[in-house]
Each structure stands twice: as C-alpha cells, then as structure tokens.
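Under our numbering, read the sequence shown as residues 39 to 293, first letter to last. From the three backbone atoms N, C-alpha and C, an ideal C-beta is built for every residue, glycine too. Input: a single structure, listed below in structure tokens.
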Amino acid sequence: MFKFFICFIAGIGAGLGTGFAGMSAAAVISPMLITFLELPAYEAVGIALASDVLASAISAYTYGKNKNLDIRNGLVMMVTVLIFTLAGSFAASRVPNTTMGSFSVFMTLILGIKFIVKPVMTTKETMQAVSGKKRIIQSIASGIVVGFICGFVGAGGGMMMLLLLTSLLGYELKTAVGTSVFIMAFTAFTGAGSHFAIGGMPDVWCLLFCVASTLLWARIAAKFANKASAATLNRATGVVLAVLGVVILTVNYLK
C-alpha cells in the first residue's frame, strides 16, 4: 500500500508537469522512488522514463488535436535527440547514483519562476516567420544537447526542450509544449529501453503504478492546458513547475 501511495503521488506531480509543461516524469518520479522506496537511481530513472512514454504520447495527441504541435520541425530535433539519448544513457550507467537527477530539479524551479515573471506571449504568426533553414539548424543543435541530457540525467529533456523551443526557437507556449511532449514520447521510449537493457527489468509494481498515475494526470492537465488562454497557461505552468521544483528539492534534501 505504501508503494502504491508513493507511486500515485509521484504520478500526480509527473503527470501535471508533463501535461502542462512537457516536463519529464523523471524529475518527479526518480527522487520520490529513490528517497521513499530506496530504489537504485538507475532503476528509478528507467521507471520514470517508462512513465514518460504513454503520458507524453497522450499529451502530444491532445495538443495535436488542438493544432498546437509542430511535427515537421519536431521530427528533425527528435532524430538528433534519439541518437544522443543512447549515448547519454550509456554514460549514466558508468557514474555513481548521487550524480544523477539533480540537474532537472533546478531547471524545473528556475523555469517555473521564469514563466511567472516573464511569460511567453509569442504568437503563432511570429513563430512561423522564422526561415525553415534556420529552424532546422537550431533544431539539430538543440537536439544534441537535449538528447544527452535525456539519457544521462533521465530528464526526458523536457525542461531543456521547453526552454529552447520558447527562448531560442521562438515558439508560442502551447506549440512548444505540444512539440516537446511529442519528441519526449520517443526519447523516453528509447531511454527506458536502453536503461532496462543495460540495468535489467525494474520493480514491476512500481513500474505499473507510476505509468498508470502519470498517464491519468497528464491527460487531465493537457486537456485543461489546451483550453486555457496564453496568460492563464503561463501562470499555471509557472506555478506547477515552481511548486514541483520546491517539493523535489525538499525530497532530495531528505535523502
């Protein structure tokens, strides 16, 4: 029962973060499983990435249905990300547990504060004014960085992708989140597969509980996000990320 409770709570945070902001489930699930269930970090990251797969897929479907998804440029970044996710996952298997997972926590908190203080109000018209060639080059460069972080930290690259899509590539927020979760569904699948192949199968009950809870809450969050105005979505995203960042830092402190 305790295992179910921890996984369910972790899934709530992970699902809301994924549906609202394209955040990786690993940022929430990993520290929760490591701290309260004492799972090895590499196993916890594998479970978190597996939880990302369906949650990101259902979120991407919801954003795509509402025409807030850039598939063409997303595919360019995705291919690059997938390649470097494998490299990052292999590198992660060679380092101690304590070096994994902390990066995404600070990224979550900082990005949450950013959306509250300086919301992304870019329109789709402004976003589409950028030349296709420039967008492709930016996507490839961003994919290299995001992919390695996804595999190494187990962060799914969600926070980095959202930051790069909104700040560097000039996406409006809903399209940035939709494109981010679209890419993350594939990177998380690759990352989870490589983690399980290298480290073996994780705790099956933890895996099932986390996947189910994350999927449920990601669906709820994505439906709300697509109906919200840009200003409301910025505030909601900022609050969710900031609160999750503080909670995860607290959980890490309890280790």
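- Where G84 is concerned, the enclosing alpha helix (DSSP H) starts and stops at 79-103.
- Contact between A95 and A223 is confirmed by a C-beta separation of about 4 Å, below the 8 Å threshold.
- Three or more Cβ pairs closer than 8 Å define a contact, and the segment 116-128 falls short of that threshold against the segment 255-265.
- Contact between G237 and E81 is confirmed by a C-beta separation of about 6 Å, below the 8 Å threshold.
- DSSP places G238 in the coil class of the three-state scheme, outside both helix and strand.
- DSSP, read as helix, strand or coil, puts N106 in coil.
- For G49, the enclosing alpha helix (DSSP H) has its first and last residue at 40-59.
- Going by DSSP, S68 is part of the alpha helix (DSSP H) stretching over 64-74.
- In the structure shown, Y209 falls within a coil segment according to DSSP collapsed to helix, strand and coil.
- For T164, the uninterrupted alpha helix (DSSP H) run begins and ends at 162-166, by DSSP.
- M61 and F234 have their C-alpha atoms spaced approximately 21 Å apart.
- The shortest CA-to-CA distance from V278 to any of M39, T288, N264, A259 is the one to A259.
- Across the structure, A280 and M145 are spaced so that their CA atoms are roughly 10 Å apart.
- With fewer than 16 other Cβ atoms inside 10 Å of its own Cβ, T288 counts as exposed.
- The residue among T204, G55, L246, A79 with its C-alpha nearest the C-alpha of C45 is L246.
- A distance below 8 Å between beta-carbons, with the five flanking residues on each side excluded, links V284 to the following residues of its chain, in chain order: L147.
- Note on K105: under 16 other CB atoms within 10 angstroms of its CB, so exposed under the neighbour-count rule.
- For L201, the enclosing alpha helix (DSSP H) stretches over residues 196-201.
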